[in-house]
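Here the structure comes first, spelled out in structure tokens, and everything after it is commentary.
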Amino acid sequence: MGNVGAAGGPAEPGPAPPVSLEIDDLEVSLQRGGPPAAPGGAAAAGHQADGVGAPQGAAGHAAPLRGSAVCREVRGPCAPLGARAFTDAGLVGTEREQLKLLSYFAMLSEDFRRYQEQVCRVPPREALAAEESLSASPGAAQALWRAALGEPLGDSGAGAEPQWPQLVLLSGPPGTGKTRHALAWSRAMGLPLVMVDHRSEGWLGRVEEAVRGRDCMLLFDELDGFFTDLADDKSEVAARFPAQFRQFLDGTLSSSGGRVLVAGTTNNVGKIPRDVVQRGEVVDFQLPSREQVEPVWSKYAGHLTPEERRALAAATAAAGLSARDVKVCAASAEREAAAQYLNRAGHGGGYAHGSSLLGCPGPAAPLYARCLRQRGQVE
Numbered sequence: 002m003g004n005v006g007a008a009g010g011p012a013e014p015g016p017a018p019p020v021s022l023e024i025d026d027l028e029v030s031l032q033r034g035g036p037p038a039a040p041g042g043a044a045a046a047g048h049q050a051d052g053v054g055a056p057q058g059a060a061g062h063a064a065p066l067r068g069s070a071v072c073r074e075v076r077g078p079c080a081p082l083g084a085r086a087f088t089d090a091g092l093v094g095t096e097r098e099q100l101k102l103l104s105y106f107a108m109l110s111e112d113f114r115r116y117q118e119q120v121c122r123v124p125p126r127e128a129l130a131a132e133e134s135l136s137a138s139p140g141a142a143q144a145l146w147r148a149a150l151g152e153p154l155g156d157s158g159a160g161a162e163p164q165w166p167q168l169v170l171l172s173g174p175p176g177t178g179k180t181r182h183a184l185a186w187s188r189a190m191g192l193p194l195v196m197v198d199h200r201s202e203g204w205l206g207r208v209e210e211a212v213r214g215r216d217c218m219l220l221f222d223e224l225d226g227f228f229t230d231l232a233d234d235k236s237e238v239a240a241r242f243p244a245q246f247r248q249f250l251d252g253t254l255s256s257s258g259g260r261v262l263v264a265g266t267t268n269n270v271g272k273i274p275r276d277v278v279q280r281g282e283v284v285d286f287q288l289p290s291r292e293q294v295e296p297v298w299s300k301y302a303g304h305l306t307p308e309e310r311r312a313l314a315a316a317t318a319a320a321g322l323s324a325r326d327v328k329v330c331a332a333s334a335e336r337e338a339a340a341q342y343l344n345r346a347g348h349g350g351g352y353a354h355g356s357s358l359l360g361c362p363g364p365a366a367p368l369y370a371r372c373l374r375q376r377g378q379v380e
């Protein structure tokens with residue numbers, strides 16, 4: 002892997018592309034529906050900064066799901082935060098992937114529907130020319146073109162909804178932050194997040210009931226395991242899952258009465274049946290390059306020199322490690338540095354109250370480097 006901490010290396014990269022989509026750029030209608038409100042009035046306004054599992058709500062919204070073995074609401078509705086949700090979650094170096102996720106926010110917007118209809122999905126010029134030459138009734142070409150697209154002729158009013166993709170897959174190797182991005186994504190969109198576990202009889206009906214009339218995001222974490230585990234699980238529930246999941250994707254979005262975004266994470270998209278993948282869209286998360294992981298080192302080891310952080314970033318990328326490994330190595334180096342300081346100060350066992358650590362310097366670069374080497378060998 003080479004020595005860490007040496008100067009030199011490739012030329013300094015340019016800044017990462019900014020996440021340029023802002024919430025204020027789009028006019029978004031209010032979220033709809035929710036489970037029956039809890040006794041005592043509406044849920045309190047607010048949201049959790051980064052935790053999951055606590056009941057939450059926003060002014061004007063019904064109380065969140067209380068949860069079940071099948072679907073559990075881990076984050077309630079909140080004001081849509083846009084790119085700030087990823088920043089608040091400490092997710093750096095994935096701006097390109099964040100921007101793709103943020104682009105789905107347009108699907109909540111009436112402005113986007115008008116853009117689709119009036120700019121993109123319009124009759125070709127030759128169709129309009131034919132309409133004029135045949136003296137057809139005004140709007141005939143537009144009606145025929147909408148029919149060719151499979152859109153109902155009466156679906157151009159203010160209540161029309163743009164189509165969601167049936168499924169958005171966050172795909173990539175372990176440690177690339179797919180689940181953390183999904184959690185932050187729900188906050189960016191302002192949608193309640195409901196995690197789904199299919200391993201129960203009747204899961205399909207229960208999930209459909211939970212989302213009926215609501216705007217929300219459903220998350221199937223590690224979706225590839227739902228399919229690949231079938232060989233070891235001989236139960237009828239497991240055997241029926243592939244067909245039920247296809248039925249779920251084909252029916253839920255059109256019949257729920259709300260805007261339901263179905264997301265899944267996967268370590269290996271190749272293990273998911275091709276026809277399921279084709280029903281949706283894939284957002285790829287890859288192991289970070291040196292340029293992508295350098296901001297992560299700046300977050301966890303800002304006391305080091307820029308040259309040391311660049312060397313650690315290069316070592317991380319060369320070893321095929323992820324931002325998760327950076328976080329683990331940062332915590333490991335911090336514990337070791339604190340223990341060494343306390344032992345030198347005569348505290349023996351290496352533990353004392355925090356006030357004893359006020360003079361402790363940050364870990365030296367070799368402590369981080371050693372952890373990276375160890376994790377690279379394990380990988």
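My numbering numbers the first residue of the sequence shown as 2 and each following residue consecutively.
All residues carry an ideal CB built from backbone N, CA and C; glycine is no exception.
These numbers were taken from a predicted model, which means no experiment stands behind them.
query: Rounded to whole angstroms, what's the CA-CA distance from Met108 to Arg260? Just pull it up for me.; result: 9 Å
query: Would Val284 and Leu102 qualify as a contact pair, given that the criterion is a beta-carbon distance under 8 Å?; result: yes
query: Where DSSP assigns a beta bridge to Ala264, which residues make up the other side?; result: Val169, Leu220
query: Quick check on Gly206: buried or exposed, where buried means 16 or more other Cβ atoms within 10 Å of its Cβ?; result: exposed
query: Is the Cβ-Cβ distance between Ser333 and Cys372 less than 8 Å?; result: yes
query: Out of Leu262, Glu292, Pro289, Gln287, point me to the one whose CA is closest to Arg280's CA.; result: Leu262
query: Rounded to whole angstroms, what's the CA-CA distance from Ala324 to Gly226? Just pull it up for me.; result: 23 Å
query: To which residues of the same chain is Gly41 closer than 7 Å at the C-beta, ignoring the five residues directly before and after it?; result: Low local confidence applies: a pLDDT of 35 at Gly41 is under 50, so the model's placement there is unreliable, with the coordinate-based value given in what follows. No residues qualify anywhere along the chain.
query: Contact defined as beta carbons within less than 8 Å: I believe Thr177 pairs with Gln287. What is the distance between those atoms, to the nearest angstrom?; result: 7 Å
query: Note down the Cα distance separating Tyr369 from Arg310, rounded to an integer number of angstroms.; result: 10 Å
query: Please list the segments of the alpha helix (DSSP H) lying wholly inside the segment 293-335, counting only runs of 4 or more residues, in order along the chain.; result: 307-319
query: Under the rule that 16 or more other beta-carbon atoms within 10 Å means buried, what is Pro307, buried or exposed?; result: exposed
query: Between the alpha carbons of Arg275 and Trp204, how many angstroms are there, rounded?; result: 23 Å
query: So, using beta-carbon positions, are Pro193 and Pro364 closer together than 8 Å?; result: no
query: Within the same chain, show all residues whose beta-carbon is closer than 8 Å to that of Gln248, passing over the 5 residues directly before and after it, in chain order.; result: Leu205
query: Run the CB neighbour count on Leu359, radius 10 Å, all protein chains shown included, and call it buried at 16 or more, exposed below.; result: exposed
query: Are there any heavy atoms of the ligand SAH lying less than 7 Å away from the beta-carbon of Gly91, as far as the coordinates show?; result: In the structure shown, the ligand SAH is absent, as is every other ligand, since no ligand is present at all.
query: Inspect the beta-carbon positions of Val329 and Thr317 and report whether they are closer than 8 Å.; result: no
query: Per DSSP, what kind of secondary structure is Cys72 in: helix, strand or coil?; result: strand
query: With DSSP as the reference, identify every bridge partner of Ser201, one or two as the case may be.; result: Answer is none; Ser201 lacks a bridge partner.
query: Val284 lies in the beta strand (DSSP E); which residues open and close that run?; result: 282-285
query: In terms of residues, what are the limits of the alpha helix (DSSP H) holding Glu98?; result: 96-104
query: For a test of the three-state rule: what should DSSP assign to Ser187, helix, strand or coil?; result: helix
query: Distance check for Arg188 and Gly83, CA to CA, integer angstroms please.; result: 8 Å
query: May I ask which residues mark the beginning and end of the alpha helix (DSSP H) holding Glu111?; result: 111-116
query: To the nearest angstrom, how far is it from the Cα of Val195 to the Cα of Arg291?; result: 34 Å
query: May I have the straight-line CA-CA distance separating Arg374 from Leu184, to the nearest angstrom?; result: 30 Å
query: Nearest by alpha-carbon distance to Tyr105: which of Asp89, Pro81, Val123 is it?; result: Pro81
query: Can you tell me which of the three DSSP states Val123 falls into?; result: coil
query: Roughly how many whole angstroms lie between the Cα atoms of Trp186 and Phe87?; result: 7 Å
query: Going by beta carbon distance, what residues of the same chain come within less than 6 Å of Arg73, once the five residues before and after it are set aside?; result: Met196
query: Which two residues bound the contiguous alpha helix (DSSP H) that contains Arg275?; result: 275-278
query: Is the CB-CB distance between Phe221 and Gly265 below 8 Å?; result: yes
query: Would you list the one or two residues that DSSP bridges to Val195?; result: Glu74, Leu219
query: Does DSSP put Ala84 in a helix, in a strand, or in coil?; result: coil
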